[in-house]
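Just below is one structure, and these are the notes that go with it.
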Amino acid sequence: MEIDLTGKTALVTGSTQGIGLAIAEGLARSGARVAVNGRRAERVDAAVAELRSAGGDVVGVTADVATEDGVDGLLAQLPAVDILVNNLGVFEAVEPRAITDAQWRAFFEVNVLSAVRLIRSYLPGMIERDWGRAIQIASDSAVVIPAEMIHYGVSKTALLAVTRGFAKDAAGTGVTVNSVIAGPTHTGGVEEFVYQLVDRSLPWEQAQREFMRAHRPQSLIQRLIEPAEIANMVVYLSSPLASATTGGALRVDGGYVDSILP
Ligand SMILES: NC(=O)c1ccc[n+]([C@@H]2O[C@H](COP(=O)([O-])OP(=O)(O)OC[C@H]3O[C@@H](n4cnc5c(N)ncnc54)[C@H](OP(=O)(O)O)[C@@H]3O)[C@@H](O)[C@H]2O)c1
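Numbering (my numbering), first residue to last: -18 to 243.
Shown next, in the form of structure tokens:
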């Protein structure tokens, strides 16, 4: 399979590190012009420099995409994209009955509404040009709701619904809208999350194994997923090759979700 995204412009939200950075790297390697995003200018500049040094056609957009003002500023710099990857998402472990109203609202704002705003902003141009891709990074937690972060799981379930709804909105056009169900992945953010749940004094390899055994026993690969493995699916979905896949949730979860359906 040859994936060539030359001539396409992509935005990956929350992409100065982790899964977002790997997706930006994958899209750039396939020839797309990629906009990297984060709230801190120095982190954005560092990510841009890293991807450019590998030969990528990359620009940086510093903006808080969880706010209306932030999205307005981003749209002023990047009025149209062919590929939108709503990667931004936050997570934290909180006892179910201890999640406050403010935390519920914050998770909806950051994990759901930020994606809705950007889809709403970019979809009309994609439909007009009769080509586009909107991809949301969901999570196994969208389907297997973890007791230690119900608010996160609910926000990711909502993203699956948002995806299905906007895919219907784009029906009959060359625009596809999908989500990717990412499983437990080896990122800096996750290392901190793992250490919220297992003994902080354990070295990383042991902590990872203990986390998978105690909190993610359903994983069929019994290891964390590497960010590049998520990026591979996103690059494929972003490509013209994936033209008949829309309205779906594609799994890169290490077999974590116990289902025979994709
Ligand atoms: N890691 C996992 O195991 C895992 C598993 C399943 C799904 N996921 C999903 O995958 C996605 C990426 O996760 P990750 O672990 O790779 O993330 P991460 O390492 O925590 O990275 C977060 C990125 O988002 C940026 N960011 C945070 N708030 C922002 C905002 N309001 N506006 C713009 N940028 C913002 C951060 O930069 P600044 O701080 O400078 O803004 C950083 O670049 C999320 O949707 C997550 O839910 C992750």
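Note that the Cβ used here is the ideal one computed from N, Cα and C, for glycine as well.
Point to revise | Sequence-distant residues of its chain with Cβ nearer than 6 Å to Ala212 (five each side left out) | key: Ala3, Ile4 and Gly7
Point to revise | Sequence-distant residues of its chain with Cβ nearer than 6 Å to Gly19 (five each side left out) | key: Thr(-3) and Val25
Exercise for review: Have a look at the DSSP bridge pairing and note the partners of Thr(-13).
Suggested key: BP columns for Thr(-13) are empty, so no partner.
Practice item. May I have a chain-ordered list of the beta strand (DSSP E) segments no shorter than 3 residues that lie completely inside the stretch 46 to 109? Key: 64 to 67
Check your understanding: Gln177 lies in the alpha helix (DSSP H); which residues open and close that run?
Key -> Residue range Gly169 to Leu178 is occupied by the alpha helix (DSSP H) that includes Gln177.
Practice item. Grab the span of the alpha helix (DSSP H) containing Arg10 for me, first residue to last. Key: Gly(-1) to Arg10
**Study point:** Rounded distance between the beta-carbons of Val93 and Leu140, thought under 8 Å
**Key:** 6 Å
Check your understanding: DSSP three-state call for Arg24: helix, strand or coil?
Key -> helix
**Study point:** Distance, Ile64 Cα to Val75 Cα
**Key:** 34 Å
Check your understanding: Out of curiosity, what's the CA-to-CA distance linking Tyr176 and Gly106?
Key -> 43 Å
Practice item. Could you name the residues of the same chain whose beta carbon sits closer than 7 Å to that of Glu210, not counting the 5 residues immediately before and after it, in chain order? Key: Val233
**Study point:** Other residues of its chain near Ala128: CB distance less than 7 Å, five sequence neighbours each side excluded
**Key:** Pro77
Check your understanding: Among Val238, Gly51, Leu(-14) and Pro243, which has the Cα closest to the Cα of Gly229?
Key -> Pro243
Review point. How is Ile126 classed by DSSP in three states: helix, strand or coil?
Key: coil
**Study point:** Candidates Ser182, Val52 and Ser120, of which the one nearest Glu90 by Cα
**Key:** Val52
**Study point:** Per-residue DSSP class, three states only, for Leu242
**Key:** If DSSP states are grouped into helix, strand and coil, Leu242 belongs with coil.
**Study point:** Candidates Ala87, Tyr103 and Arg98: closest to Pro60 by CA position
**Key:** Tyr103
**Study point:** Cβ shell of Glu207 (< 6 Å), same chain only, five flanking positions each side left out
**Key:** His167
Check your understanding: What separation, rounded to the nearest whole angstrom, lies between the Cα atoms of Ser219 and Gly164?
Key -> 20 Å
Check your understanding: Would you call the CB atoms of Ala151 and Val143 closer than 8 Å?
Key -> no
Point to revise | Rounded separation between Val135 and Gly236 - CA only | key: 20 Å
Point to revise | Extent of the continuous beta strand (DSSP E) to which Arg194 belongs | key: Arg194 -> not in any beta strand (DSSP E); alpha helix (DSSP H) instead, spanning Trp185 to His196.
Review point. Alpha carbon to alpha carbon, how far is Arg145 from Ile131?
Key: Going by C-alpha positions, Arg145 is about 21 Å away from Ile131.
Practice item. Measure from the alpha carbon of Glu73 to the alpha carbon of each residue in Thr226, Glu172 and Ala(-9), then state which is nearest. Key: Glu172
Practice item. Buried or exposed for Gln117, please, with buried defined as at least 16 other CB atoms from any protein chain shown within 10 angstroms of its CB. Key: buried
Practice item. Taking Ser160 as the reference, give the member of Ser182, Glu191, Ala223 and Ser200 with the closest Cα. Key: Ranked by Cα distance from Ser160, the first of Ser182, Glu191, Ala223 and Ser200 is Ala223.
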